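Asks: Dropping a structure here in structure tokens format, bear with me for questions.
There are 2 protein chains.
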Amino acid sequence: MIIKMAKIDRRVQKSQDAIKNAFIELMSEKSFDHITIQDISDRANVGRRTIYDHYMDKFDLLDKLIEEHINELRKLCESASELTFAEGNMIWFEYFEQNYSFFSTMLSSKGAPAFRKSFLEFVVEELDIDLDLTEGINQGLSRNLVLRFFGAAIVEIVEAWITNGLSEPADVVARQMGQLLDRNL
Amino acid sequence: MIIKMAKIDRRVQKSQDAIKNAFIELMSEKSFDHITIQDISDRANVGRRTIYDHYMDKFDLLDKLIEEHINELRKLCESASELTFAEGNMIWFEYFEQNYSFFSTMLSSKGAPAFRKSFLEFVVEELDIDLDLTEGINQGLSRNLVLRFFGAAIVEIVEAWITNGLSEPADVVARQMGQLLDRNL
DNA sequence: CTAAATCTGTGCGTTTTTGCACAAATTCAC
DNA sequence: GTGAATTTGTGCAAAAACGCACAGATTTAG
Numbered sequence: 001m002i003i004k005m006a007k008i009d010r011r012v013q014k015s016q017d018a019i020k021n022a023f024i025e026l027m028s029e030k031s032f033d034h035i036t037i038q039d040i041s042d043r044a045n046v047g048r049r050t051i052y053d054h055y056m057d058k059f060d061l062l063d064k065l066i067e068e069h070i071n072e073l074r075k076l077c078e079s080a081s082e083l084t085f086a087e088g089n090m091i092w093f094e095y096f097e098q099n100y101s102f103f104s105t106m107l108s109s110k111g112a113p114a115f116r117k118s119f120l121e122f123v124v125e126e127l128d129i130d131l132d133l134t135e136g137i138n139q140g141l142s143r144n145l146v147l148r149f150f151g152a153a154i155v156e157i158v159e160a161w162i163t164n165g166l167s168e169p170a171d172v173v174a175r176q177m178g179q180l181l182d183r184n185l
Numbered sequence: 001m002i003i004k005m006a007k008i009d010r011r012v013q014k015s016q017d018a019i020k021n022a023f024i025e026l027m028s029e030k031s032f033d034h035i036t037i038q039d040i041s042d043r044a045n046v047g048r049r050t051i052y053d054h055y056m057d058k059f060d061l062l063d064k065l066i067e068e069h070i071n072e073l074r075k076l077c078e079s080a081s082e083l084t085f086a087e088g089n090m091i092w093f094e095y096f097e098q099n100y101s102f103f104s105t106m107l108s109s110k111g112a113p114a115f116r117k118s119f120l121e122f123v124v125e126e127l128d129i130d131l132d133l134t135e136g137i138n139q140g141l142s143r144n145l146v147l148r149f150f151g152a153a154i155v156e157i158v159e160a161w162i163t164n165g166l167s168e169p170a171d172v173v174a175r176q177m178g179q180l181l182d183r184n185l
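So the protein sequences, as listed, match chains V and E.
Heads up: the first sequence is residues 1 to 185, going by full-length UniProt numbering.
Heads up: the second sequence is residues 1 to 185, going by full-length UniProt numbering.
Written out as structure tokens, the structure is:
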């Protein structure tokens with residue numbers, strides 16, 4: 001971060017944004033399999049060639065897109081490492097809200113199940129960092145079991161909230177989930 | 001039109017669109033005099049250099065912008081030359097509605113008075129084409145006087161409708177103004 | 001009024017985007 | 001299943017956008 005910050009060329013930024021947005025849009029209209037590079041190129045109003053300048057193929061595009069958001073979430077986790085779950089969740093849920101269209105399509109039925117997997121993996125990874133089994137109420141439990149147990153729980157709540165169209169206020173969900181986690185971890 | 005239709009490069013189109021939109025936006029925020037090329041470049045998210053690749057300066061930009069819309073209106077007039085005013089006006093007012101942000105800023109207080117002048121000039125020009133003084137109710141009247149009389153009237157109605165925020169339905173205004181014109185020209 | 005800051009217009013070399021063409025792969029329609 | 005149509009991935013050369021630097025004009029602040 002501090003080491004290399006070669007600012008991205010404005011054109012690159014714009015092209016990638018257009019491509020990603022077009023892709024997300026298309027994901028909400030048809031399944032991943034039926035999206036063609038051509039479609040993306042048309043929708044993004046970008047030369048087909050340009051897409052290949054940035055991504056290997058649509059799988060790569062999807063990967064990069066997922067990875068990018070996971071990385072953003074990872075950063076948020078770092079910056080919130082000193083907070084309680086209840087507090088940190090607020091930041092998380094804000095991010096979900098801001099990038100609603102992405103998470104919505106990625107978690108919806110048509111969306112790539114790939115994302116759910118990556119997401120759970122990441123959540124487990126993050127929980128792993130702070131989980132302490134040597135003392136407290138979780139003493140003696142299997143690390144793996146605890147991580148998967150709460151990891152899946154978190155993912156489920158986020159998914160439900162997103163696919164329900166954000167029907168409940170972010171801060172309410174964040175606080176309640178935070179309460180459950182702070183009580184257990 | 002039929003002769004040369006060298007399709008515009010996608011990048012050119014996008015840059016110019018961004019620049020024009022940024023400019024229109026800025027026009028609604030501050031007066032023309034206070035808008036800098038820098039502002040436009042920032043707002044449009046386009047290199048300052050790029051603006052100079054397309055326009056001499058902000059005056060040129062304004063000119064081109066105005067000219068472009070006037071030309072569009074001219075095309076509409078041609079395609080509607082066989083219609084009555086009541087009918088043709090519908091097409092006109094649709095165009096105004098579609099490009100509301102442009103006309104709105106151009107006719108608003110802060111907008112460049114330059115536009116009003118160009119616009120009136122154009123309307124007169126168009127009326128001139130079809131005006132026949134050799135017969136009918138306008139026999140014997142001064143051509144110039146008739147043109148300016150109704151030209152100004154038309155501009156005024158359009159201006160009032162636009163600056164009033166399109167409070168009345170386009171088709172109503174179009175039809176009523178059409179009635180007045182069909183009765184007189 | 002003066003100094004600092006900002007904006008302007010332009011030259012220049014670099015990077016990115018683009019369209020086109022093409023062969024191979026895939027999908028679609030019948 | 002076969003043939004037509006579409007999509008894919010890539011090479012290439014031209015066009016556009018870019019950032020930077022600079023000197024001069026203009027604006028802003030004290």
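For each residue, glycine too, the CB sits at the ideal point set by N, CA and C.
Quick caveat, the model's predicted, so the values are computed rather than measured.
How would you call Ala-112/E, buried or exposed, if buried means at least 16 neighbouring beta carbons within 10 angstroms?
Replies: Buried.
Asks: Glu-159/E and Leu-76/E - do their beta-carbons sit closer together than 8 Å?
Replies: Not in contact: Leu-76/E and Glu-159/E (Cβ atoms no closer than 8 Å).
Asks: How would you label Lys-20/V, buried or exposed, when you count the other beta carbons within 10 angstroms and need 16 or more for buried?
Replies: Result: buried.
Asks: Taking just the CA atoms, how far does Arg-74/E sit from Ile-3/V?
Replies: Note on Ile-3/V: pLDDT 43, under 50, position unreliable in the model; the coordinate value appears next. Answer to the nearest angstrom: the Cα atoms are 57 Å apart.
Asks: Taking only beta-carbon positions, decide if Asn-21/V is within less than 8 Å of chain E.
Replies: No, its Cβ sits nowhere closer than 8 Å to a Cβ of chain E.
Asks: Short of 7 Å in beta carbon distance, which residues of its chain neighbour Gly-151/V, apart from the five on each side in sequence? Order them along the chain.
Replies: Result list for Gly-151/V: Leu-120, Val-123, Val-124 and Leu-127, in chain order.
Asks: Assess, as a yes-or-no matter, whether the segment 90-101 of chain E is touched by the segment 39-47 of chain E under the definition of 3 or more beta carbon pairs within less than 8 Å.
Replies: No, they do not touch.
Asks: Let me check understanding here. Comparing Cα to Cα, which of Ala-22/V, Arg-183/V and Glu-67/V lies closest to Gly-136/V?
Replies: Among Ala-22/V, Arg-183/V and Glu-67/V, the Cα nearest to that of Gly-136/V is on Arg-183/V.
Asks: Starting from Met-56/E, trace the alpha helix (DSSP H) in both directions and tell me its first and last residue.
Replies: Run containing Met-56/E: none; DSSP gives neither H nor E here.
Asks: Excluding the five sequence neighbours on either side, which residues of its own chain have a C-beta within less than 7 Å of the C-beta of Ala-170/V, listed in chain order?
Replies: So the list reads Phe-93, Glu-94 and Glu-97, once near-sequence residues are dropped.
Asks: For the UniProt domain "HTH tetR-type" (13-73) of chain V, which segments carrying the alpha helix (DSSP H) assignment without a break, of at least 4 residues, lie completely within its bounds, in sequence order?
Replies: Within the UniProt domain "HTH tetR-type" (13-73) of chain V, the complete alpha helix (DSSP H) runs of at least 4 residues are 37-44 and 48-54.
Asks: Would you list, in chain order, the members of the segment 6-30 of chain V that have their beta-carbon closer than 8 Å to a beta-carbon of chain E?
Replies: Here the close residues are Arg-10 and Lys-14.
Asks: Run through the segment 102-141 of chain V for me and flag every whole alpha helix (DSSP H) of 4 or more residues, listed as ranges in chain order.
Replies: Entirely contained in the segment 102-141 of chain V, the alpha helix (DSSP H) runs reaching 4 residues are, in chain order, 113-130.
Asks: For Ala-6/V, does the count of other Cβ atoms within 10 angstroms reach 16, so buried, or fall short, so exposed?
Replies: Ala-6/V comes out exposed.
Asks: So, for Leu-166/E: in the same chain, excluding its five sequence neighbours on each side, which residues have a beta-carbon less than 8 Å away from its beta-carbon?
Replies: If we look at Leu-166/E and ignore the five residues flanking it on each side, its Cβ neighbours are Glu-97 and Tyr-100.
Asks: Have a look at Ala-153/E and Asn-45/V and give me their C-alpha separation to the nearest angstrom.
Replies: So the alpha carbons of these two residues sit roughly 42 Å apart.
Asks: Give me the Cα-Cα distance between Ile-8/V and Arg-116/E, rounded to the nearest whole angstrom.
Replies: Each residue's alpha carbon lies about 43 Å from the other.
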